[in-house]
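Since the structure comes first, as structure tokens, the remarks are kept for the end.
Protein chains: 2
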Amino acid sequence: MAKRTGQPTINDVARLSGVSKKTVSRVINRSPLLNEATREKVEAVIAELAYVPNPQARALALRRNFLLGMIYDNPNAQMVLNFQEGVLDAIGGSEFALVVRPVDRHSPDLFDDIRAFIEQQRLYGVMILPPLSENDALAALFTELGCNYVRMGSATLDDDAHLVQSNDRQAVRDAVEHLIAQGHRQIGLVQGPEGFRSASEREAGWRDAMTAAGLPTGPEMLARGNYTFETGRDAGEQLLGGAQKFTAIFASNDVMAAGVLHAARSRGLTVPQDLSIVGFDDTAIAATIWPPLTTVRWPIRDMARSAAMKLIHPEAAADEKSLFLTEFVPRASVASV
Amino acid sequence: MAKRTGQPTINDVARLSGVSKKTVSRVINRSPLLNEATREKVEAVIAELAYVPNPQARALALRRNFLLGMIYDNPNAQMVLNFQEGVLDAIGGSEFALVVRPVDRHSPDLFDDIRAFIEQQRLYGVMILPPLSENDALAALFTELGCNYVRMGSATLDDDAHLVQSNDRQAVRDAVEHLIAQGHRQIGLVQGPEGFRSASEREAGWRDAMTAAGLPTGPEMLARGNYTFETGRDAGEQLLGGAQKFTAIFASNDVMAAGVLHAARSRGLTVPQDLSIVGFDDTAIAATIWPPLTTVRWPIRDMARSAAMKLIHPEAAADEKSLFLTEFVPRASVASV
DNA sequence: ACCTCTATGGAAACCGGTGTCAATCATTTG
DNA sequence: CAAATGATTGACACCGGTTTCCATAGAGGT
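Residue numbers (the numbering used here), protein chains in the order written: chain A, 1 to 337; chain B, 338 to 674.
Put into structure tokens, the structure is as follows:
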């Protein structure tokens, strides 16, 4: 005669096991001050009823929910998805869930949209992916809103509690030095977009290696793209169509490297015999294109897991690993000269 | 002097505007029976305080939350991301949010994982992406759990209220007939994985066109992949390495088409002069590889929007568009013979 | 002026959990 | 044996909204 329509509530469990709501709550929350026999009795009833606490009610009472957010505007699908899987690695069997929010970083309403999103959902914490993560004003907005966050970045943006980063500059330096060791001397750079920290870090790595080897880094040696295939192709056209000759080009991400490959091929160049190409990220496209792309593996999945852990355990956030190391991945798009 | 720490509550709004909670609630929920002057007064206070109703409290009181779920296990990152954007198109400025849940469809715990996810989060509705969407037992699980759902599919799986699909079979037939019109007679097929409805639908489309033109469809004309680049390349190797000659190959998705391209090139074939290739999906990779891939545009983003609308407005779910049409996209990977 | 009828606003219960604090009970101590 | 101690447990308020139900005020009819 009671409303036996919905799912069982904590009251049902309490009644059936002959204890109070509060005791059931203690069982759910693994309170240590609880008689073992009582715990078992209540757990038996919970199992019998297949009772699962209502997350909304818990969220209301605890004044916190169990939702992690992820804000992104990234042209690289594989990276975003790898990130999502990394977060899932972290929240695994827990009660947390992942809320995603793609945004348009060029929209004039960007901040308003994000503010509305945060205020409406009141997420437990939010992860911000590059390039949005490099926007300090955005980080300030999160602080103002009282929303815990972690930024994914490639350079020091913040303290360790709010940052997960990788050693992009050193990684690019290593990759370019690999090219130099293969005998390359004219090594072009396809930069990432202006205002991207990852772009300037990667450019700095290229400059480090080139300068250390006494090689030219003048404006004729580089061209800018914005991390998309088309702009990578255009940058490749610009470099290959100029007076400067190149035996190798480093592109700041894999997708642009694919664009350079495209440009090279349309000019009749064979890769890697006529031109060596190196990318960055090691997303699926790197192994997919022909020839397979030499690149730098960027451990995004591990970084994502770490970012989620920082949010879930804010008290240990500063201890969680913050700097992740990249790995050079030699494939077939580089040849010696 | 009250606890002015957190965000404003409905009580703050009520007090400041001199009305009761209930009246504020009426304003929030756009109740029609409300004095216009009162409404404006309350709205002014809401704006002044930047008040946003607590979603957890609302969810508890309304016995429903504002979370849409998305369950996927798809090797194709671009498609998943496009889907996410399509959902965002639908939930736009509303209070809904999107919760994602990547799963491993080969895990023995798949059903238990999904059951735990649904029971714990109590989502308002869930979208299931292929190939999981093709699992009728999974749909039954959602029904059992009382969770509203929509399946994304390529054939009739369910009634219109629970399904968003596309005309894959006809689309592939059209694409293959295009090849035939270009003079191709030996047209191979790289199938999708066994047990995928989309795979069998696309195969059926190929058979339709080939049979109608009196062309061979024997076992030597096809090879199976599982929608990944590597298996596409292997299938390409298998077809091109056999006794049967091919002037064109249709691959059941773009990634596998890229694999076939890879295989062709490693055998010294030039595309499209020596071999024409057609893919399916029109994800970013199709325009990215060289030569740009002729393919079939699969309107996943629109489909996602429709799926989300079906969940948000269950009463109108059956009216929302359920069948989406594909579009042939000619690019440079096909030549006449 | 009197009496419905309808629009509006408020008090209190409720959604399903958790926190506070006191009550209960068994055990140990003086 | 009484009192003190510590381990368990429960009563009740509360989280921040919505809903039910009722009171009241103003409009319209006679």
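For every residue, glycine included, the Cβ atom is placed at its ideal position computed from N, Cα and C.
Chain B residues whose Cβ lies nearer than 8 Å to that of asparagine 54 of chain A: Walking along the first sequence from the start, residue 54 of chain A turns up at place 54. By Cβ distance, chain B contributes Leu397 and Arg459.
Closest by C-alpha distance to leucine 435 of chain B, when choosing among B:Ala655, B:Asp656, B:Val674 and B:Met646: Looking up residue 435 of chain B in the second sequence gives position 98. Out of B:Ala655, B:Asp656, B:Val674 and B:Met646, B:Met646 has the C-alpha closest to the C-alpha of leucine 435 of chain B.
Positions along the stretch 343–375 of chain B whose CB lies within less than 9 Å of some CB in chain A: With the criterion set as a beta carbon lying under 9 Å from some beta carbon of chain A, the members of the stretch 343–375 of chain B are Gly343 and Gln344, in sequence order.
Alpha-carbon to alpha-carbon, serine 336 of chain A and histidine 184 of chain A: Locating residue 184 of chain A in the first sequence gives position 184, counting from the first residue. Locating residue 336 of chain A in the first sequence gives position 336, counting from the first residue. C-alpha separation (whole angstroms): 7 Å.
Status (buried if at least 16 other CB within 10 Å, exposed otherwise) for leucine 660 of chain B: Position 323 of the second sequence, counted from the first residue, corresponds to residue 660 of chain B. Of the residues assessed, leucine 660 of chain B falls on the exposed side of the cut-off, its CB having fewer than 16 other CB atoms within 10 angstroms.
Neighbouring residues, chain A, relative to phenylalanine 566 of chain B (Cβ below 8 Å): Position 229 of the second sequence, counting from 1, holds the residue named residue 566 of chain B. Per Cβ cutoff of 8 Å: Ala284, Ala287 and Thr288.
Of the listed residues B:Gln519, B:Asp349, B:Leu404 and B:Gln393, nearest to alanine 384 of chain B (C-alpha basis): Within the second sequence, the letter at position 47 stands for residue 384 of chain B. For alanine 384 of chain B, the nearest C-alpha among the options comes from B:Asp349.
The stretch 283–293 of chain A in contact with the stretch 121–139 of chain A per 3-pair CB rule at 8 Å: The stretch 283–293 of chain A is not in contact with the stretch 121–139 of chain A.
Within-8 Å CB hit, valine 329 of chain A to chain B: In the first sequence, the residue the question calls residue 329 of chain A occupies position 329. Answer no: the Cβ-Cβ gap between valine 329 of chain A and chain B never drops below 8 Å.
Reduced DSSP secondary structure (H/G/I, E/B, other) of glutamine 170 of chain A: In the first sequence, counting from the first residue as 1, residue 170 of chain A sits at position 170. Here glutamine 170 of chain A carries a helix assignment [DSSP, helix/strand/coil].
Terminal residues of the beta strand (DSSP E) in which isoleucine 586 of chain B lies: Counting from 1 along the second sequence, the entry for residue 586 of chain B is found at position 249. Unbroken beta strand (DSSP E) run through isoleucine 586 of chain B: 585–588.
Which listed residue (B:Pro636, B:Ile637, B:Asp639 and B:Thr620) has its alpha carbon closest to that of leucine 630 of chain B: Residue mapping note: residue 630 of chain B aligns to position 293 of the second sequence, counting from 1. Of B:Pro636, B:Ile637, B:Asp639 and B:Thr620, the residue nearest in Cα terms is B:Thr620.
Distance between alanine 512 of chain B and methionine 593 of chain B (C-alpha atoms, nearest Å): What you label residue 593 of chain B is simply residue 256 of the second sequence in a count that begins at 1. What you label residue 512 of chain B is simply residue 175 of the second sequence in a count that begins at 1. The C-alpha of alanine 512 of chain B is placed about 16 Å away from the C-alpha of methionine 593 of chain B.
Opposing strand residues paired with glycine 406 of chain B [DSSP bridges]: Position 69 of the second sequence, counted from the first residue, corresponds to residue 406 of chain B. B:Val436 and B:Val463, per the DSSP bridge assignment.
Span of the alpha helix (DSSP H), counted from its first residue to its last, around threonine 143 of chain A: As a working note, residue 143 of chain A is residue 143 in the first sequence. 136–145 is the extent of the alpha helix (DSSP H) around threonine 143 of chain A.
Through-space distance from asparagine 74 of chain A to proline 131 of chain A, alpha-carbon basis: To locate residue 131 of chain A, count along the first sequence from 1; it is residue 131. To locate residue 74 of chain A, count along the first sequence from 1; it is residue 74. Here the alpha carbons of asparagine 74 of chain A and proline 131 of chain A stand approximately 7 Å from one another.
Per-residue contacts from glutamate 432 of chain B into chain A (C-beta, under 9 Å): In the second sequence, the residue the question calls residue 432 of chain B occupies position 95. What glutamate 432 of chain B touches in chain A: Gln120 and Gln121.
Residue span of the beta strand (DSSP E) that contains serine 613 of chain B, given as start and end: As a first step, residue 613 of chain B must be located in the second sequence, where it is residue number 276. For serine 613 of chain B, the enclosing beta strand (DSSP E) begins and ends at 613–615.
Selected residue, minimal CA-CA separation from valine 527 of chain B, among B:Leu648, B:Lys582, B:Leu500 and B:Gly569: Position 190 of the second sequence, counting from 1, holds the residue named residue 527 of chain B. The candidate whose alpha carbon is nearest that of valine 527 of chain B is B:Gly569.
Alpha-carbon to alpha-carbon, leucine 49 of chain A and methionine 1 of chain A: Mapped onto the first sequence, residue 1 of chain A falls at position 1. Mapped onto the first sequence, residue 49 of chain A falls at position 49. Any reading at methionine 1 of chain A is ruled out, since the residue's pLDDT is 36, under 50, leaving its predicted position unreliable.
Cβ separation of asparagine 167 of chain A and leucine 325 of chain A, assumed to be a contact under 8 Å, to the nearest whole Å: Numbered from 1 along the first sequence, position 167 holds the residue referred to as residue 167 of chain A. Numbered from 1 along the first sequence, position 325 holds the residue referred to as residue 325 of chain A. Taking the Cβ atoms as the reference, asparagine 167 of chain A lies roughly 6 Å from leucine 325 of chain A, within the contact range of under 8 Å.
Closer than 7 Å at the beta carbon, the chain A residues around glutamine 610 of chain B: Locating residue 610 of chain B in the second sequence gives position 273, counting from the first residue. Result: empty, since nearest Cβ-Cβ is about 14 Å, beyond 7 Å.
Residue from A:Asp109, A:Thr228 and A:His262 with nearest C-alpha to proline 193 of chain A: Here the question's residue 193 of chain A lines up with position 193 in the first sequence. Ranked by Cα distance from proline 193 of chain A, the first of A:Asp109, A:Thr228 and A:His262 is A:Thr228.
Same chain, Cβ closer than 6 Å to phenylalanine 180 of chain A, neighbours up to 5 away in sequence not counted: Taking the first residue of the first sequence as 1, we reach residue 180 of chain A at position 180. Checking the sequence shown, residue 180 of chain A turns out to be isoleucine, not phenylalanine. Result list for isoleucine 180 of chain A: Ala213, in chain order.
Alanine 585 of chain B vs serine 613 of chain B beta-carbon contact at 8 Å: Here residue 585 of chain B corresponds to residue number 248 of the second sequence, with the count starting at 1. Here residue 613 of chain B corresponds to residue number 276 of the second sequence, with the count starting at 1. Going by C-beta atoms, alanine 585 of chain B is nearer than 8 Å to serine 613 of chain B.
Terminal residues of the beta strand (DSSP E) in which valine 271 of chain A lies: Against the first sequence, residue 271 of chain A aligns to sequence position 271. If you look at valine 271 of chain A, you'll find it isn't in any beta strand (DSSP E); DSSP assigns it neither H nor E.
Exposed unless 16 or more other CB atoms sit within 10 angstroms - verdict on proline 392 of chain B: Translated into positions along the second sequence, residue 392 of chain B becomes position 55. Buried is the call here.
Per-residue contacts from arginine 534 of chain B into chain A (C-beta, under 7 Å): Indexing the second sequence from 1 puts residue 534 of chain B at position 197. Contact annotation for arginine 534 of chain B against chain A: no contact, minimum CB-CB distance about 23 Å [criterion: below 7 Å].
CA nearest to the CA of glutamine 170 of chain A, picked from A:Met210, A:Gly18 and A:Thr143: One-based indexing of the first sequence puts residue 170 of chain A at position 170. Answer by Cα proximity: A:Met210.
Three-state secondary structure assigned by DSSP to phenylalanine 324 of chain A: One-based indexing of the first sequence puts residue 324 of chain A at position 324. In the structure shown, the three-state DSSP call for phenylalanine 324 of chain A is strand.
Best match in B:Gln610, B:Arg459, B:Ile347 and B:Ala588 for proximity to alanine 52 of chain A [C-alpha to C-alpha]: Stepping through the first sequence from its first residue, residue 52 of chain A is reached at position 52. According to the sequence provided, residue 52 of chain A is valine. The question's alanine does not apply to it. Nearest of B:Gln610, B:Arg459, B:Ile347 and B:Ala588 to valine 52 of chain A, Cα basis: B:Arg459.
Selection of the stretch 97–111 of chain A by Cβ proximity to chain B, strictly under 9 Å: Hits within the stretch, in order: Ala97, Leu98, Val99, Val100, Arg101, Pro102 and Val103.
Residue interval of the beta strand (DSSP E) (run including proline 581 of chain B): Sequence index remark: in the second sequence, residue 581 of chain B carries index 244 (1-based). Position check: residue 581 of chain B holds glutamine in this sequence, whereas proline was assumed. From DSSP, glutamine 581 of chain B is part of no beta strand (DSSP E); its letter is neither H nor E.
Under 7 Å (Cβ pairs) to chain B, residues found in the stretch 81–93 of chain A: Here the close residues are Leu81, Gln84, Glu85 and Leu88.
Cα-Cα separation, glutamate 237 of chain A to glycine 188 of chain A: As a first step, residue 237 of chain A must be located in the first sequence, where it is residue number 237. As a first step, residue 188 of chain A must be located in the first sequence, where it is residue number 188. Glutamate 237 of chain A and glycine 188 of chain A: Cα-Cα distance of roughly 12 Å.
Counterpart residues of isoleucine 455 of chain B in DSSP-defined beta bridges: The residue labelled residue 455 of chain B in the question sits at position 118 within the second sequence. DSSP output for isoleucine 455 of chain B lists no bridge partner at all.
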